[in-house]
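Here's the structure, in structure tokens; my notes come after.
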Amino acid sequence: MPAKPNLSVLLIRQRLNALTRALPGARQGDPVLVHQARVATRRLREALPLVASGSRGRKLERRVRRLTRALGPVRELDVALEMLDTMAVDADAPRGAIAKLRQVVREERQRMYTDMCTRLDRVDIDKLRHRTASAATRGSKTRGRDPKRLADAQDRAARRAVRVREAIESAAGLYLPDRLHQVRIAVKKLRYALEVSRELSGSRAMARIRTLQEAQDLLGRMHDHEVLIARVRGVQGSKAPNLRLSGDLDKLVRRLETECRQIHGQYMALRKKLLAITDLPVSRPASAA
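Take a look at the structure:
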């Protein structure tokens with residue numbers, strides 16, 4: 033029977049494969065693959081410190097972070113277009129405002145897409161893949177589970193959990209967009225950290241990860257609404273729109289602000305469950321999660 037591969041090596045290879053599968057389509061501007069490539073960079077960044085430390089590890093993380101940042105602006109604009117498409121089907125939609133926002137966002141996306149391709153071309157993906165895979169293999173003397181790297185992953189997840197609690201408590205129960213954005217970032221990092229711990233431990237427990245994903249989705253939608261509101265404000269302040277368009281833009285802002293409050297209410301209903309997750313030990317047996 034062939035020996036089981038080292039789980040930390042396998043984990044890095046899986047994340048590298050996900051990234052390299054998505055990048056060609058992302059370069060072509062496919063919105064789904066732009067999103068998948070960006071998520072893959074974040075998952076890879078969370079796993080990298082377990083296999084690459086010191087200056088070598090920092091260099092690899094910086095290169096992957098460049099990919100994340102290159103993909104980010106286009107992804108944000110894709111989400112804005114998706115939101116506008118969803119709102120446009122409503123009978124009472126402010127169609128003039130939606131049409132104007134679509135035009136503005138599409139023009140900006142074209143500029144950002146060109147910039148994204150330029151920035152992606154500055155990263156040698158083949159070299160990144162080779163060096164990351166090499167770092168993962170180096171020092172992986174065990175087969176199957178890797179106790180040291182698993183312990184490091186659990187420590188990292190525990191620190192991420194502390195940060196989530198701090199961010200939640202800082203935001204309190206108020207609708208404070210900047211602080212809620214910090215909650216979103218902290219939740220996202222904890223989710224990816226727990227995914228790493230789960231894979232290295234061989235656990236099948238998913239309850240905490242699903243709760244974090246739900247919170248991440250809620251807070252992400254809230255952030256997307258806030259970004260779109262800022263874009264509407266930008267259109268309102270750029271040139272004096274005609275009275276009909278001005279009224280449509282105001283109506284769109286009111287709708288987006290109302291939806292933000294509704295999403296915040298959903299987050300508040302989930303807040304207690306999120307805080308409970310930060311109290312749980314990261315390395316619990318699978319049956320307990």
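So for the sequence shown, the numbering used here puts the first residue at 33; every next one is plus one.
Glycine included, C-beta positions come from ideal geometry on N, C-alpha and C.
Item                                                                                                                         : Value
Beta-carbon proximity list for LEU103, same chain, < 6 Å, skipping 5 on both sides                                           : VAL66, ALA69 and ARG70
Reduced DSSP secondary structure (H/G/I, E/B, other) of MET144                                                               : helix
LEU99 and LEU55 closer than 9 Å at C-beta                                                                                    : yes
Cβ-based neighbour list, MET119, same chain, cut-off 7 Å, excluding 5 preceding and 5 following                              : ALA125 and ILE130
Own chain partners of CYS149 with C-beta closer than 7 Å, once the 5 adjacent residues on each side are dropped              : ARG59
Span separating the alpha-carbon of LEU113 from that of ASP62                                                                : 13 Å
Segments of 3+ residues assigned as beta strand (DSSP E) that fall wholly inside the region 158-215                          : none
Per-residue DSSP class, three states only, for LYS271                                                                        : coil
Under the three-state DSSP convention, the category ALA308 falls into                                                        : helix
Short Cβ contact (9 Å threshold) for ALA247 with LEU306                                                                      : yes
Span of the alpha helix (DSSP H), counted from its first residue to its last, around ASN49                                   : 39-59
ARG188 versus ALA225 - alpha carbon distance                                                                                 : 7 Å
Rounded separation between LEU277 and VAL267 - CA only                                                                       : 10 Å
Chain-order list of residues whose beta-carbon lies under 7 Å from that of ALA321 (same chain, five-residue window excluded) : Low per-residue confidence applies at ALA321: pLDDT is 39, beneath 50, and the placement is therefore not dependable enough to give any value.
Three-state secondary structure assigned by DSSP to PRO126                                                                   : coil
At least 3 beta-carbon pairs within less than 8 Å: the region 298-312 vs the region 132-152                                  : no
Cα-Cα separation, LEU232 to PRO81                                                                                            : 14 Å
Pairwise C-alpha distance: LYS159 and ALA204                                                                                 : 45 Å
VAL106 beta carbon less than 9 Å from that of LEU76                                                                          : no
Chain-order list of residues whose beta-carbon lies under 7 Å from that of GLN245 (same chain, five-residue window excluded) : ARG223
Status (buried if at least 16 other CB within 10 Å, exposed otherwise) for GLU214                                            : Glu is not the amino acid found at residue 214; the sequence shown has Gln there. When all chains shown are included, GLN214 counts as buried.
Continuous alpha helix (DSSP H) assignments of at least 4 residues falling wholly in the region 214-286                      : 239-270
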